[in-house]
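Each protein sequence line maps, in turn, to chains Z, G and V.
All residue numbers for the first sequence refer to the working numbering, where the first residue is 24 and numbers rise by one.
All residue numbers for the second sequence refer to the working numbering, where the first residue is 24 and numbers rise by one.
All residue numbers for the third sequence refer to the working numbering, where the first residue is 24 and numbers rise by one.
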Amino acid sequence: MSYLLFLDYAGVAVFAATGALAASRKRLDIVGFIFLAAITGIGGGTLRDVLLGKLPVFWIEQPAYIGVCVLLAVLVYFTAHLVEYRYRLLLWLDAVGMSAYCVMGTIIGLEAGVSAYAAIVMGISTATFGGIFRDVISGEKSVLLSDEIYITAALLGAASFALLVSLGLAQSLAVGVAVMLAFGLRAAALLFAWTTPRYKPREGRDID
Amino acid sequence: MSYLLFLDYAGVAVFAATGALAASRKRLDIVGFIFLAAITGIGGGTLRDVLLGKLPVFWIEQPAYIGVCVLLAVLVYFTAHLVEYRYRLLLWLDAVGMSAYCVMGTIIGLEAGVSAYAAIVMGISTATFGGIFRDVISGEKSVLLSDEIYITAALLGAASFALLVSLGLAQSLAVGVAVMLAFGLRAAALLFAWTTPRYKPREGRDID
Amino acid sequence: MSYLLFLDYAGVAVFAATGALAASRKRLDIVGFIFLAAITGIGGGTLRDVLLGKLPVFWIEQPAYIGVCVLLAVLVYFTAHLVEYRYRLLLWLDAVGMSAYCVMGTIIGLEAGVSAYAAIVMGISTATFGGIFRDVISGEKSVLLSDEIYITAALLGAASFALLVSLGLAQSLAVGVAVMLAFGLRAAALLFAWTTPRYKPREGRDID
Numbered sequence: 024m025s026y027l028l029f030l031d032y033a034g035v036a037v038f039a040a041t042g043a044l045a046a047s048r049k050r051l052d053i054v055g056f057i058f059l060a061a062i063t064g065i066g067g068g069t070l071r072d073v074l075l076g077k078l079p080v081f082w083i084e085q086p087a088y089i090g091v092c093v094l095l096a097v098l099v100y101f102t103a104h105l106v107e108y109r110y111r112l113l114l115w116l117d118a119v120g121m122s123a124y125c126v127m128g129t130i131i132g133l134e135a136g137v138s139a140y141a142a143i144v145m146g147i148s149t150a151t152f153g154g155i156f157r158d159v160i161s162g163e164k165s166v167l168l169s170d171e172i173y174i175t176a177a178l179l180g181a182a183s184f185a186l187l188v189s190l191g192l193a194q195s196l197a198v199g200v201a202v203m204l205a206f207g208l209r210a211a212a213l214l215f216a217w218t219t220p221r222y223k224p225r226e227g228r229d230i231d
Numbered sequence: 024m025s026y027l028l029f030l031d032y033a034g035v036a037v038f039a040a041t042g043a044l045a046a047s048r049k050r051l052d053i054v055g056f057i058f059l060a061a062i063t064g065i066g067g068g069t070l071r072d073v074l075l076g077k078l079p080v081f082w083i084e085q086p087a088y089i090g091v092c093v094l095l096a097v098l099v100y101f102t103a104h105l106v107e108y109r110y111r112l113l114l115w116l117d118a119v120g121m122s123a124y125c126v127m128g129t130i131i132g133l134e135a136g137v138s139a140y141a142a143i144v145m146g147i148s149t150a151t152f153g154g155i156f157r158d159v160i161s162g163e164k165s166v167l168l169s170d171e172i173y174i175t176a177a178l179l180g181a182a183s184f185a186l187l188v189s190l191g192l193a194q195s196l197a198v199g200v201a202v203m204l205a206f207g208l209r210a211a212a213l214l215f216a217w218t219t220p221r222y223k224p225r226e227g228r229d230i231d
Numbered sequence: 024m025s026y027l028l029f030l031d032y033a034g035v036a037v038f039a040a041t042g043a044l045a046a047s048r049k050r051l052d053i054v055g056f057i058f059l060a061a062i063t064g065i066g067g068g069t070l071r072d073v074l075l076g077k078l079p080v081f082w083i084e085q086p087a088y089i090g091v092c093v094l095l096a097v098l099v100y101f102t103a104h105l106v107e108y109r110y111r112l113l114l115w116l117d118a119v120g121m122s123a124y125c126v127m128g129t130i131i132g133l134e135a136g137v138s139a140y141a142a143i144v145m146g147i148s149t150a151t152f153g154g155i156f157r158d159v160i161s162g163e164k165s166v167l168l169s170d171e172i173y174i175t176a177a178l179l180g181a182a183s184f185a186l187l188v189s190l191g192l193a194q195s196l197a198v199g200v201a202v203m204l205a206f207g208l209r210a211a212a213l214l215f216a217w218t219t220p221r222y223k224p225r226e227g228r229d230i231d
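If you want it as structure tokens, here you go:
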């Protein structure tokens with residue numbers, strides 16, 4: 024199970040780092056860094072546990088999760104000035120966290136005994152709500168409303184994992200493939216400004 | 024119970040449609056439409072279930088609810104350009120959803136065995152928080168802060184239902200009356216710009 | 024236990040008053056005052072109960088909590104115009120509520136049997152999220168992002184209480200000391216514009 028634990032903590036760490044980077048953009052103090060890092064790092068998983076009824080939520084009995092958030096917050100507090108483009112870094116770390124969490128969330132849903140459908144929704148929720156909480160509380164436009172593909176990548180990761188596992192693939196392999204698919208799609212979106220067709224009120228009129 | 028099931032799905036469908044309309048105003052892609060439709064459609068009921076401790080929440084074991092949200096999101100994605108005033112349509116659908124949900128939420132509260140007082144609060148929460156989540160995540164000014172009567176209509180629907188049932192009226196009749204009262208008040212507010220007395224800092228000084 | 028009950032209701036009352044003051048700044052109607060007062064007054068404790076799995080949440084079986092919120096909302100509705108600086112009053116009441124709640128939340132966490140670490144996080148959550156919900160829903164810049172010390176004061180109150188109790192101090196005394204420490208630090212921050220060192224992108228470069 025160690026690669027899963029690694030994936031889990033990797034997700035917490037990179038999301039916590041994005042929360043701390045958001046705190047740096049708001050010029051908060053160190054406690055503000057920790058607060059926003061923790062909300063972003065464990066927010067998605069907390070919502071997932073609440074929806075599933077797995078209470079108390081996971082980090083209450085496992086202090087290491089908030090410990091990781093504190094660590095990353097302190098690290099970012101003392102090093103963020105070395106980074107040229109902090110929002111760009113935030114987007115890339117957020118992409119790593121999203122890829123890890125959409126699969127972890129699906130795994131935890133399946134382990135809780137819910138259907139593949141519900142597990143996929145848990146995966147997407149875990150992957151997106153940490154960032155939503157970060158953006159709403161820090162008063163920024165949500166990353167999810169950005170032009171580039173985001174939720175679609177989380178859906179791809181969660182659904183491909185559920186599919187591969189149901190096809191009998193070994194979990195470790197399915198994890199690797201699904202994380203790569205989610206991250207690959209989001210990375211391509213960030214690198215090449217990939218977008219899905221977006222709703223456009225005027226152009227639609229010509230077709231129908 | 025079929026009219027209750029109809030009321031329930033009607034609430035999900037129209038709230039999901041308002042979420043998709045909000046997505047169209049933000050020019051999101053189809054997955055963004057589905058995401059915002061689902062959060063709006065099932066958000067209020069999800070909060071209600073969490074507060075009551077009815078976990079896992081209702082839509083985890085009943086995929087049809089999110090299915091309805093997906094359907095409405097796709098429908099709105101391909102037809103929203105046909106609508107002249109999308110925000111106006113959003114407000115009217117929101118009014119239908121609010122009327123259905125303030126009564127449904129109260130029913131579910133009473134069925135969970137809580138007091139009439141708590142059931143009314145559940146009704147108001149179910150009716151209002153889907154819209155709050157929609158407005159907060161899409162970064163719009165909340166419909167609840169609008170000038171026209173809103174929460175008062177949800178309170179009227181929830182309280183009148185609880186009262187009528189406690190007076191011994193048949194549930195089906197109480198549902199009909201309460202939904203009509205809530206919708207009628209909100210519709211009047213939208214049509215005739217009905218407002219309740221709003222707090223005004225200056226005029227108050229003259230009276231006291 | 025009566026001083027704890029007093030502390031609890033004091034926290035609800037002052038937070039509810041800040042919610043109502045926020046409603047007055049948005050010129051909502053009386054039902055809007057009650058809605059925002061209730062969300063602010065019971066929001067932090069509701070989140071705490073959900074995270075701990077103490078469901079249904081506390082105010083469902085104890086109507087007095089929402090009763091206090093209604094009372095304060097009506098009171099503020101009819102008297103807010105007498106106040107010269109409503110935002111200033113909001114900040115001070117918020118400081119009282121935060122001080123009461125960071126200790127109450129820690130107590131309830133400890134009573135639920137979680138570790139001191141988790142109880143402190145519960146204390147901070149209880150103390151901060153009512154205000155976060157108020158600020159997010161009313162569309163204001165969050166008090167937590169303000170320049171003066173805020174979350175640090177909640178952390179001080181929660182941590183000092185947990186420490187004093189673990190050192191064997193009588194609970195009543197520990198409550199008194201911890202509330203005073205939290206309030207004292209926040210009050211100093213408001214009076215003398217005390218700040219903790221805040222992240223500054225440029226100045227950091229010179230040091231490292």
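Note that CB positions come from ideal geometry on N, CA and C, so glycine has one too.
Just so it is clear, the structure is predicted and the values come from calculations on it, not from any experiment.
- Nearest to Glu-134(G) by C-alpha distance, out of Arg-71(G), Leu-168(G), Pro-79(G), is Arg-71(G).
- Using a Cβ distance threshold of 9 Å, Val-73(V) and Val-73(Z) count as a contacting pair.
- Here the alpha carbons of Leu-196(G) and Glu-163(V) stand approximately 42 Å from one another.
- Between Tyr-100(G) and Tyr-222(Z), the C-beta spacing is below 9 Å.
- When CB distances to chain G are screened at a threshold of 8 Å, the residues of the segment 43-54 of chain V falling below it are Ala-46, Ser-47, Lys-49, Arg-50, Leu-51, Asp-52, Ile-53, Val-54, in chain order.
- Using a CB distance cut-off of 9 Å, Leu-78(Z) counts as an interface residue toward chain V.
- Here the segment 78-93 of chain V makes no contact with the segment 160-180 of chain V; the two share fewer than three CB pairs at distances below 8 Å.
- DSSP places Arg-221(V) in the strand class (E or B) of the three-state scheme.
- Going by C-alpha positions, Leu-168(Z) is about 47 Å away from Leu-192(G).
- Shown in chain order are the members of the segment 148-175 of chain G whose Cβ falls below 9 Å from a Cβ of chain Z: Val-159, Ile-160, Ser-161, Gly-162.
- A distance below 9 Å separates the beta carbons of Ala-39(Z) and Ala-96(Z).
- Listed in chain order, the alpha helix (DSSP H) runs fully inside the segment 147-201 of chain G are 174-189, counting runs of at least 4 residues.
- Asp-52(Z) is bridged by DSSP to Arg-221(V).
- Under the Cβ criterion of 9 Å, Tyr-222(G) is counted among the residues facing chain V.
- Each residue's CA atom was taken as its position, placing Gly-68(G) and Thr-102(Z) some 43 Å apart.
- Within the same chain, Cβ atoms closer than 6 Å to the Cβ of Ala-36(V) are found at Val-91, Leu-95, the five residues on either side in sequence being excluded.
- Interface flag for Ala-135(V) against chain Z is set, since a Cβ pair is found closer than 9 Å.
- In the assembly as shown, Arg-50(V) is an exposed residue. Its beta-carbon has fewer than 16 other beta-carbons within 10 Å.
- For Val-97(V), the enclosing alpha helix (DSSP H) begins and ends at 87-102.
- Thr-129(G) is outside the set of residues whose beta carbon lies under 9 Å from a beta carbon in chain V.
- Chain order gives the chain Z residues near Thr-219(V) as Asp-52, Ile-53, Val-54, where near means a beta carbon separation below 8 Å.
- Secondary structure note for Gly-132(G): its alpha helix (DSSP H) is the uninterrupted segment 109-134.
- Taking 9 Å as the cut-off, the Cβ atoms of Leu-105(G) and Leu-44(G) do not count as close.
- At least one CB atom of chain Z sits nearer than 9 Å to the CB of Val-73(G).
- Relative to Gly-153(Z), the option among Leu-28(Z), Cys-125(Z), Thr-218(Z) whose CA is nearest is Cys-125(Z).
- Taking a 10 Å sphere around the C-beta of Leu-190(V), we find fewer than 16 other C-beta atoms and assign the residue as exposed.
- Contact between Val-200(Z) and Ser-122(Z) is absent: CB atoms are separated by about 11 Å, not below the 8 Å threshold.
- Contact residues of the segment 173-203 of chain V toward chain Z are Ile-174, Thr-175, Leu-178 (C-beta to C-beta distance below 7 Å).
- When DSSP states are grouped into helix, strand and coil, Gly-76(G) belongs to the coil group.
- Using a Cβ-Cβ cut-off of 9 Å, Tyr-32(Z) does not count as an interface residue toward chain V, since no Cβ of chain V sits closer than that to its own.
- Its chain contains Gly-67, Met-121, Tyr-124, Cys-125, Gly-128, Ala-177 as the residues whose beta carbon lies nearer than 7 Å to that of Ala-150(V), once the 5 sequence neighbours on both sides are disregarded; these appear in chain order.
- The three-state reading of DSSP puts Ala-141(Z) in helix, counting H, G and I together.
- Within the same chain, and ignoring the five residues on either side of Thr-175(G) in sequence, the residues whose Cβ sits closer than 8 Å to its Cβ are Leu-208, Thr-219.
- Judged by beta-carbon spacing, Ile-57(V) lies beyond the 9 Å limit of Phe-81(V), meaning their Cβ atoms are not closer than that value.
- Closer than 7 Å at the C-beta level to chain Z, one finds these residues of the segment 80-102 of chain G: Val-80, Ile-83, Pro-86, Ile-89, Tyr-100.
- Scanning chain Z for C-beta atoms nearer than 9 Å to the C-beta of Phe-215(G) yields nothing, as the closest lies near 29 Å away.
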